[in-house]
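This report concerns only the one structure given below.
This is the structure in structure tokens:
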């Protein structure tokens, strides 16, 4: 169904970089992408390509991760192309819609934003192992402990959820096929029947998810899981490479911010 | 030991609901007038089944999944930018909405179908209120236009989802009620 850009082992600059720096970079990049206009688009696109190159990600791997999202991007583009008010570019005979210059521009911008966001997310998940990712997240959220947010619990929960999203997606696919084979009418049929078959889709999914949660909790208990501060196999470290990455990020950020004023 | 055991199971359930909400973004059901996703259904269920605190925690987990780059937000989006973008208010609303649904549900010992639907309507109402406020601020839309874009298309779907969520909740509640 969807392959989230899955982690690929490697030893490039991008792989070695501290997970905290990478998450921070992802946050800053996604904000920049969201408000990008004009030349910033080229700058950010070039930056993303450079990051792909530095992380030695294969083109085919990136394409694989983005392929499921291209359809969404095309849909977004078409939607904005046809449904934005403005001056028509050229008349289309026999159709009640028109293509406007504003629509073309807006559609391109929105679908670029969408793909750039997806790409930066894919780069992060492809170069960082899930355990490092959660470890970095925990360390970034640590200041929230002061207001009594259970940060280490949340980090453990995120790693559990991370593990189960693909499993549940697969499970849903299987249940859907099974119910359709039994004649469930999710996409056609009367409204009350559709509601019934919707419940028949979601109920097994939830029961199986809860059963998995039971098993997981029991397994953790049996292995002596205790809440509280824990150590990790790989320590996060802040060195010269991290400093370099932060400086580059700072330059990018200040370039964009300075150009606004 | 008892308290610890309880909370570990609760944590597992909450993270499972975070994952379910993420999966819900990919479950598209063609209801008139626009296809709807199942995220708000799982928000309702998380609140009603787990209670306020764990329900809200499950939605925090869902948001964090998206923040670290998994394409789990509606339409395969990801990243922190979505959270502060035009539709980010809905995501923050998920946390608050699940909390409110949980609190309202736990007011009754044995909530009936009607009470569940009232609680879920209130919670989903909060989701849309926060969503529309952020939509108005970020996308600079007027109140009426924000309602047209952000509420009306998905309203029929949401009413159906509340009914379905209440039905599922009644069936499943006894299974996990004593375990958390």
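Residue numbers (this note's numbering), protein chains in the order written: chain A, 24 to 284; chain Z, 872 to 1051. Glycine residues also receive a C-beta, built at the ideal position from the N, C-alpha and C atoms. In this text the structure is predicted, and so the values were computed from the model without any measurement.
query: Starting from residue 103 of chain A, trace the alpha helix (DSSP H) in both directions and tell me its first and last residue.; result: 82-105
query: When you compare the CB positions of residue 186 of chain A and residue 174 of chain A, do they come within less than 8 angstroms of one another, or not?; result: no
query: Return the CA-CA distance between residue 70 of chain A and residue 940 of chain Z, expressed in angstroms with no decimal places.; result: 17 angstroms
query: Taking the C-alpha atoms as reference points, what is the distance between residue 261 of chain A and residue 897 of chain Z?; result: 37 angstroms
query: Name the chain A residues whose beta carbon is nearer than 9 angstroms to that of residue 1024 of chain Z?; result: Ordered by position in chain A, no residue passes the 9 angstroms Cβ test against residue 1024 of chain Z, which lies about 13 angstroms from the chain.
query: Within 8 angstroms, do at least three Cβ pairs link the region 247-267 of chain A to the region 901-917 of chain Z?; result: no
query: What are the start and end residues of the alpha helix (DSSP H) that includes residue 282 of chain A?; result: 263-283
query: Indicate whether at least one CB of chain A lies closer than 8 angstroms to the CB of residue 876 of chain Z.; result: Its pLDDT being 45, under 50, residue 876 of chain Z is placed unreliably in this model, and the coordinates cannot settle the point.
query: I need the straight-line Cα distance from residue 990 of chain Z to residue 277 of chain A, nearest angstrom please.; result: 47 angstroms
query: If the cut-off is 9 angstroms on Cβ atoms, which residues from the region 46-57 of chain A count as contacting chain Z, listed in chain order?; result: 46, 49, 50, 51, 52, 53, 54, 55, 56 and 57
query: Is residue 50 of chain A close to the ligand SAH? I mean its beta-carbon at under 7 angstroms from any heavy atom of the ligand.; result: Within the structure as shown, the ligand SAH is missing, as the structure has no ligands at all.
query: Quick one, are the C-beta atoms of residue 915 of chain Z and residue 885 of chain Z less than 8 angstroms apart?; result: no
query: Residue 886 of chain Z CB to nearest chain A CB: under 8 angstroms?; result: yes
query: Just to make sure I have the definition right: I need the residues of chain C whose C-beta is within less than 8 angstroms of the C-beta of residue 951 of chain Z. Which are they?; result: You won't find chain C in this structure, because its protein chains are A and Z.
query: With DSSP run on the structure shown, which of helix, strand or coil describes residue 230 of chain A?; result: helix
query: Between residue 33 of chain A and chain Z, is any beta-carbon pair separated by less than 8 angstroms?; result: no
query: Starting from the beta carbon of residue 1046 of chain Z, find every residue of chain A whose beta carbon is closer than 8 angstroms, and list them in chain order.; result: 230 and 233
query: Determine the direct distance from the alpha carbon of residue 965 of chain Z to that of residue 923 of chain Z, and round the result to whole angstroms.; result: 12 angstroms
query: Does residue 914 of chain Z come within less than 8 angstroms of chain A when only Cβ atoms are used?; result: no
query: Tell me whether the beta-carbon of residue 932 of chain Z lies closer than 8 angstroms to the beta-carbon of residue 184 of chain A.; result: yes
query: Can you pull the chain Z neighbours of residue 177 of chain A, defined as C-beta to C-beta under 8 angstroms?; result: 928, 931, 932 and 935
query: Classify residue 1015 of chain Z: buried if its beta carbon has 16 or more other beta carbons within 10 angstroms, exposed otherwise.; result: exposed
query: Within 8 angstroms of any Cβ in chain A, is that where the Cβ of residue 1031 of chain Z sits?; result: yes
query: Pick out whichever of Z:926, Z:956, Z:957 and Z:944 has its Cα sitting closest to the Cα of residue 972 of chain Z.; result: Z:926
query: Strictly below 8 angstroms CB to CB, what residues from chain A border residue 1028 of chain Z?; result: Neighbours of residue 1028 of chain Z on chain A: none; closest Cβ ~11 angstroms, over 8 angstroms.
query: Smallest Cα separation from residue 146 of chain A: which of A:273, A:38, A:281 and A:284?; result: A:38
query: Under DSSP, the alpha helix (DSSP H) around residue 163 of chain A begins and ends at which residues?; result: 153-164
query: In angstroms with no decimal places, state the Cα-to-Cα distance between residue 873 of chain Z and residue 250 of chain A.; result: Annotation note: pLDDT 39 at residue 873 of chain Z (below 50); position unreliable, coordinate value reported separately. So the two alpha carbons sit approximately 13 angstroms from each other.
query: Relative to the C-alpha of residue 1029 of chain Z, which residue among Z:911, Z:883 and Z:878 is closest?; result: Z:911
query: Can you check whether the CB of residue 86 of chain A is closer than 8 angstroms to the CB of residue 35 of chain A?; result: no
query: Residues bridged to residue 908 of chain Z by DSSP?; result: Z:899
query: Can you name the start and end residues of the alpha helix (DSSP H) that residue 38 of chain A belongs to?; result: 36-39
query: For residue 1000 of chain Z, which three-state DSSP category applies?; result: helix
query: How is residue 1011 of chain Z classed by DSSP in three states: helix, strand or coil?; result: coil
query: Which residues of chain Z have a Cβ atom closer than 8 angstroms to the Cβ of residue 188 of chain A, listed in chain order?; result: 890, 893, 894, 936, 941 and 943
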